[in-house]
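Enquirer: In the working numbering, each residue's number is its place in the sequence shown (first place is 1) plus 179. Quick reminder that beta carbons are idealized off the backbone N, C-alpha and C, glycines included.
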Amino acid sequence: MTRAGDRAVTGGRAYPFDRPPGKLLVVLRHWPSPSGQRAARDAVRLLPPPDDVAIESAYFVDTGDWAPAELDGHPLRWLRRDTIRVDATKAGAVGRTHLTLS
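1) With distances taken Cα to Cα, identify the nearest neighbour of Leu280 among Arg264, Trp210 and Trp257.
2) What would DSSP say about Thr262, mapped onto helix, strand or coil?
3) Quick one: what's got a C-beta closer than 7 angstroms to Asp244's C-beta in the same chain, skipping five residues either side?
4) Cα-Cα, which of Gly190, Pro254, Phe239 and Leu250 is closest to Phe196?
5) Helix, strand or coil: which one does DSSP assign to Leu270?
See below:
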């Protein structure tokens, strides 16, 4: 896996990362490090500020051959020389999204 970079994006947009031939491009949309807080039922949750832009972090993965993908334990499809984008912004600032390539 090789890091392809981070780009700030606004809602409804996607950064057009270039994908070299033979590589799988994985793009993860997430909030920058949490800075907002909100109290809810005796718990303090970290939430992204509503005016923050999301970040897309991209990675090149050399799968060599077809690789099955799972998102949060749910099978997606087999990937090879393709692009997969995962929007993890609904997970919130402290939630986790798990993408598995086998």
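Expert: Straight from the coordinates:
1) Trp257
2) Residue state for Thr262 is assigned as strand, using DSSP reduced to three classes.
3) Around Asp244: Arg259.
4) The candidate whose alpha carbon is nearest that of Phe196 is Phe239.
5) Residue identity differs from the one stated: residue 270 is Ala in this sequence, not Leu. Annotated three-state conformation of Ala270 is helix, per DSSP.
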